[in-house]
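*Asks:* Here the sequence shown stands for residues 1 to 611, where the numbers follow the UniProt record's numbering.
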Amino acid sequence: MKKFIIFICFLATALSVQGTDLLHNAFNREAVSLNGKWHYIVDPYENGYYDYRRSPYDTWGRTLNPGTSAYYQNSKAKDKTERCEYNFDNAATMTIPSSWTTQVEALHWYEGVVWYQRNFQHYKKDGKRAYLYFGAVNYEAHVYVNGKKVGLHIGGFTPFNFDITDFLKEDGQNFVVVKVDNTRKEEAVPTVNTDWWNHGGITREVKIIDVPEVYIADYRFTLDKKDRSHITANINVGGVSLATEVVVDIPELKVRKVLQTDENGNAQISFKNKKLQLWSPEQPKLYEVKLSVANDQLTDRIGFRTIETKGAQILLNGAPYPLRGICAHEENPIGGRRNYSETDARQMFQWAKDLNANFMRLAHYPHNEYMPRLADELGFLLWEEIPVYWTIAWENEATLANAKQQLSDVIFRDKNRAAVIIWSVANETPVSEARNMFLTNLVQTVRSKDDSRLVSAAMEVSRHQETGAKVIDDPFGEVVDIMSFNQYHGWYGGDIAAFKNIKWEVKYNKPVIVSEWGAGALAGYHADKQTVWSEEYQAEIYEKTLDGINNIPNLAGFTPWALCDFRSPRRPLADIQDMWNRKGIIGEGGTKKQAFYILSEFYQQQKHQYL
Ligand code: GCB
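1. Taking 7 angstroms as the line, does the beta carbon of residue 198 fall inside it for any heavy atom of ligand 1?
2. Can the beta-carbon of residue 181 be found closer than 8 angstroms to that of residue 113?
3. I need the boundaries of the beta strand (DSSP E) containing residue 555, first residue and last residue.
4. Check whether the Cβ of residue 243 lies closer than 8 angstroms to any Cβ atom in chain B.
5. Which first and last residues belong to the alpha helix (DSSP H) in which residue 411 is found?
6. So the beta strand (DSSP E) residue 441 belongs to, where does it begin and stop?
7. If you measure from each residue's Cβ to the nearest non-hydrogen atom of ligand 2, which ones come out under 6 angstroms, in chain order?
8. Tell me the rounded alpha-carbon separation between residue 262 and residue 243.
9. Ends of the alpha helix (DSSP H) at residue 350?
10. For the beta strand (DSSP E) containing residue 421, list its first residue and its last residue.
11. Quick one: measure Cβ to Cβ for residue 372 and residue 414, integer angstroms, because I've assumed they're closer than 8 angstroms.
12. Keeping to the same chain, check which residues put their C-beta closer than 6 angstroms to that of residue 489; ignore five residues upstream and five downstream.
13. For the pair the stretch 298–313 and the stretch 219–230, tell me if three or more CB-CB distances fall below 8 angstroms.
14. Measuring alpha carbon to alpha carbon, tell me which of 239, 289, 225, 278 ends up nearest residue 251.
15. Can you tell me which of the three DSSP states residue 19 falls into?
16. Looking at residue 460 and residue 433, is the spacing between their C-beta atoms short of 8 angstroms?
17. At the level of alpha carbons, what is the spacing between residue 87 and residue 530?
18. Taking 6 angstroms as the limit between beta carbons, can you name the residues of its chain near residue 106, skipping five residues before and five after?
19. Cβ of residue 269 within 8 angstroms of Cβ of residue 259?
20. First and last residue of the alpha helix (DSSP H) that includes residue 541?
21. Evaluate contact between the stretch 533–542 and the stretch 480–497, counting only Cβ atoms and requiring at least three cross-stretch pairs below 8 angstroms.
22. Assuming residue 51 and residue 75 are in contact, meaning their beta carbons sit under 8 angstroms apart, how far apart are those beta carbons, in whole angstroms?
23. Quick one: any contact between the stretch 358–373 and the stretch 162–172, if contact means 3 or more CB pairs under 8 angstroms?
24. In angstroms, rounded to a whole number, what distance separates the CA positions of residue 396 and residue 145?
25. According to DSSP, is residue 579 helix, strand or coil?
26. Inspect the CB distances between the stretch 201–213 and the stretch 578–585 and report whether three or more fall short of 8 angstroms.
27. Using the Cα positions of residue 131 and residue 161, report the straight-line distance between them to the nearest angstrom.
28. List the residues that DSSP assigns as beta-bridge partners of residue 33.
29. Taking only runs that begin and end inside the stretch 251–313, name each unbroken beta strand (DSSP E) of 3 or more residues, in chain order.
30. List the DSSP bridge partners of residue 503.
31. How many whole angstroms separate the CB atoms of residue 44 and residue 57, which I take to be in contact at a CB cut-off of 8 angstroms?
32. Which term fits residue 11, buried or exposed, when burial requires 16 or more other beta carbons within 10 angstroms of its beta carbon?
33. Would residue 319 and residue 348 qualify as a contact pair, given that the criterion is a beta-carbon distance under 8 angstroms?
34. Looking at the unbroken beta strand (DSSP E) that takes in residue 376, where does it start and where does it end?
35. Residues in its own chain within less than 6 angstroms of residue 576 by CB, not counting five upstream and five downstream?
Right, here's the structure in full:
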């Protein structure tokens, strides 16, 4: 133990981890899975929610008697004399997790309400609270257990959980009903207009987690940017009103410390270890970290690394680190369904590895947790994003509150993942006073929750009236750490042959990431390189862009758009798009297009250059 200088103190500082109802590291908690077959009823008129005067059956604080009409009651006609106009037992089933878009042909285009129901066996356990946990539901979820409302969640890509202990039945025979609504709304995040499919449903895993009354509620490990042997951990214990003991154990570093929390459950440990192996994509070293308090134990695997900027450079562990990136949606081109499993995530990273990439932009919303977990393990850096996309109701307070919530929840979920280096707060949003304030507010949220990573947003390029130069001067650039912008020269205008001659002007002396560029091509369609939609055309855009990309000042990396083709209702061209955005360098069925090999070769060379 002499090798370590250990300082321990107890405090509740500004940087202490947040108190939240969301379970931290639910991923590694023992759980009962509720994945599998759920019954469903499609309800376009919301008949199971509103009475015939359009008054909701479940209005809070009102004693209502919906008879057998409210679907969340999971009613059955008790005998032949009773009328009940729905019955989950006889209703069709869908496999969860999934989106209804790709599971039920008739619901391919459906946007609206679908009710899901399943029975489950679960008993209340002594000294424990039972939480019903959802990885994500798109977009609005009203959740009921045994006919009673346990909560409402708004936002399609972040986890949430409800304490259902007091709703469970003594005989252990329970049912859950979820009203899922994916109706697009102006004031929602995202708003009505996007370039991806509005997959509706319970799109990620569902489970029940029994958590002791006194439990590890939250923790965050950080590495000192000035002294990369110095780790600090902030821990929060839930369910305490007095100081209590919490144990932090990192066996490989021979650290085992018993800490006292304050009466709010907060504790901090800070120690140095000269032998600490830093995490990097080349050596994704993870340490097992065990936390325990009273009857609760929680394990995680954590990598230690620093990320910062210096002038125009991005420094990983103190050294410049060029990013070889690619953008990805959370969609598998084999079937065009949402990714939700570890196998799906492995496939995405296998493709990224084939591409010689070391960085992935998870566009345009938080992806499922297997992505950051596997990125940690396999050695990929990640950009994570929230769906503040194109236009948003900038002046609507509820919209801002919701965007902040989504941002806080993804930070809460992934703040211990070494792989995540950038939080992005927006994509291609039009500059205005209201938008600047909205986004600045989001950046403040990031900084207050996690000051150890970089902040960015995918911005846009304008053209200098006189010189014709491409200019990146978005005033929001003042606030972010990295200047990122999307550009589609050669596709949405501009002659690709002239790409190399473009003059670029970036207003701020910060690292630059070109967060998108690309072109559409139908996999297997071959023609000359002037023919739009051919693989050759796309390949040419890649060739020429790569040829001229180093003219962009402060370039620290780029993430072309996109790894795979993905579904989009904005893309109707028959026989070419067929409702798919074809800018993937991997097509439907997983076919690699020519551009894939061009980028892969470029990254291969870059890799050698920096190794
Ligand atoms: C963009 C958007 C992305 C679109 C892409 C396209 O700039 O950020 O979501 O899918 O362009 O294909 O036009």
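Glycine residues also receive a C-beta, built at the ideal position from the N, C-alpha and C atoms.
*Replies:* Result, derived from the coordinates:
1. In the sequence shown, the residue the question calls residue 198 occupies position 198. Every heavy atom of ligand 1 is 7 angstroms or more from the Cβ of residue 198, so no.
2. The count along the sequence shown starts at 1 and reaches residue 181 at position 181. The count along the sequence shown starts at 1 and reaches residue 113 at position 113. Less than 8 angstroms divides the Cβ of residue 181 from the Cβ of residue 113.
3. For this step, residue 555 is matched to residue 555 along the sequence shown. That run of the beta strand (DSSP E) goes 555–558.
4. Structure shown: chain B not included; a single protein chain is present.
5. As a working note, residue 411 is residue 411 in the sequence shown. For residue 411, the enclosing alpha helix (DSSP H) has its first and last residue at 397–414.
6. As a first step, residue 441 must be located in the sequence shown, where it is residue number 441. Unbroken run through residue 441 is the alpha helix (DSSP H), 433–449; no beta strand (DSSP E).
7. Ligand 2 is absent from the structure shown, which contains only ligand 1.
8. As a working note, residue 262 is residue 262 in the sequence shown. As a working note, residue 243 is residue 243 in the sequence shown. Each residue's alpha carbon lies about 5 angstroms from the other.
9. On the sequence shown, position 350 is the one that residue 350 refers to. Taken as a continuous stretch (DSSP letters only), the alpha helix (DSSP H) holding residue 350 covers 342–354.
10. Residue numbering aside, residue 421 sits at position 421 when the sequence shown is read from its first letter. Residue 421 -> beta strand (DSSP E) spans 420–427.
11. Position 372 of the sequence shown holds residue 372. Position 414 of the sequence shown holds residue 414. About 5 angstroms separates the two Cβ atoms, so the contact holds.
12. Reading the sequence shown from its first residue, position 489 is the one you call residue 489. Excluding the 5 residues flanking it on each side, residue 489 has same chain C-beta neighbours closer than 6 angstroms at 499, in chain order.
13. With the cut-off at 8 angstroms, the stretch 298–313 and the stretch 219–230 touch.
14. Taking the sequence shown and counting its residues from 1, one reaches residue 251 at position 251. Selected option, being the one with the closest Cα: 289.
15. Here residue 19 refers to the residue found at position 19 of the sequence shown. A caution first: residue 19 carries a pLDDT of 36, below 50, which makes its placement in the model unreliable, though a value can still be read off. Three-state result, residue 19: coil.
16. Your numbering for residue 433 matches position 433 in the sequence shown. Your numbering for residue 460 matches position 460 in the sequence shown. Cβ atoms of residue 433 and residue 460: not closer than 8 angstroms.
17. Locating residue 87 in the sequence shown gives position 87, where the first residue counts as 1. Locating residue 530 in the sequence shown gives position 530, where the first residue counts as 1. Rounded to the nearest angstrom, the two C-alpha atoms are 58 angstroms apart.
18. By 1-based counting over the sequence shown, the position of residue 106 is 106. Result list for residue 106: empty, nothing under 6 angstroms.
19. On the sequence shown, residue 269 is found 269 positions in, with the first residue counted as 1. On the sequence shown, residue 259 is found 259 positions in, with the first residue counted as 1. Against a cut-off of 8 angstroms, the Cβ pair of residue 259 and residue 269 comes out as a contact.
20. For the purposes of this step, residue 541 is taken as residue 541 along the sequence shown, with counting starting at 1. Its alpha helix (DSSP H) spans residues 535–548.
21. In short, these stretches touch, since the Cβ pair count reaches three.
22. The residue given as residue 51 occupies position 51 in the sequence shown. The residue given as residue 75 occupies position 75 in the sequence shown. Going by Cβ atoms, the distance from residue 51 to residue 75 rounds to 15 angstroms, so no, they are not a contact pair.
23. With the cut-off at 8 angstroms, the stretch 358–373 and the stretch 162–172 do not touch.
24. What you label residue 396 is simply residue 396 of the sequence shown in a count that begins at 1. What you label residue 145 is simply residue 145 of the sequence shown in a count that begins at 1. So the alpha carbons of these two residues sit roughly 32 angstroms apart.
25. Indexing the sequence shown from 1 puts residue 579 at position 579. Here residue 579 carries a coil assignment [DSSP, helix/strand/coil].
26. With contact defined as three or more Cβ pairs closer than 8 angstroms, the stretch 201–213 and the stretch 578–585 are not in contact.
27. Mapped onto the sequence shown, residue 131 falls at position 131. Mapped onto the sequence shown, residue 161 falls at position 161. Taking the straight line joining both Cα atoms gives about 6 angstroms.
28. Start at 1 with the first residue of the sequence shown, and residue 33 comes out as number 33. Assignment of beta-bridge partners to residue 33 by DSSP yields 207.
29. With a minimum length of 3 residues, the continuous beta strand (DSSP E) runs that stay inside the stretch 251–313 are 255–260, 266–272, 287–293, 296–302, 307–310.
30. What you label residue 503 is simply residue 503 of the sequence shown in a count that begins at 1. In DSSP, residue 503 forms no bridge with anything.
31. Mapped onto the sequence shown, residue 44 falls at position 44. Mapped onto the sequence shown, residue 57 falls at position 57. Not confirmed; about 17 angstroms, so no contact.
32. On the sequence shown, position 11 is the one that residue 11 refers to. Reliability of the predicted coordinates at residue 11 is poor, the pLDDT of 33 falling under 50, and no value is obtained from them.
33. Start at 1 with the first residue of the sequence shown, and residue 319 comes out as number 319. Start at 1 with the first residue of the sequence shown, and residue 348 comes out as number 348. The answer is no: Cβ separation not under 8 angstroms.
34. As a first step, residue 376 is located in the sequence shown; it is residue number 376 there, counting from the start. Counting along the chain, no beta strand (DSSP E) covers residue 376; the unbroken alpha helix (DSSP H) around it starts and ends at 370–378.
35. As a position in the sequence shown, residue 576 is number 576, starting the count at 1. Take residue 576, set aside five residues on each side of it, and the residues of its chain with a beta-carbon closer than 6 angstroms to its own are 522, 533, in chain order.
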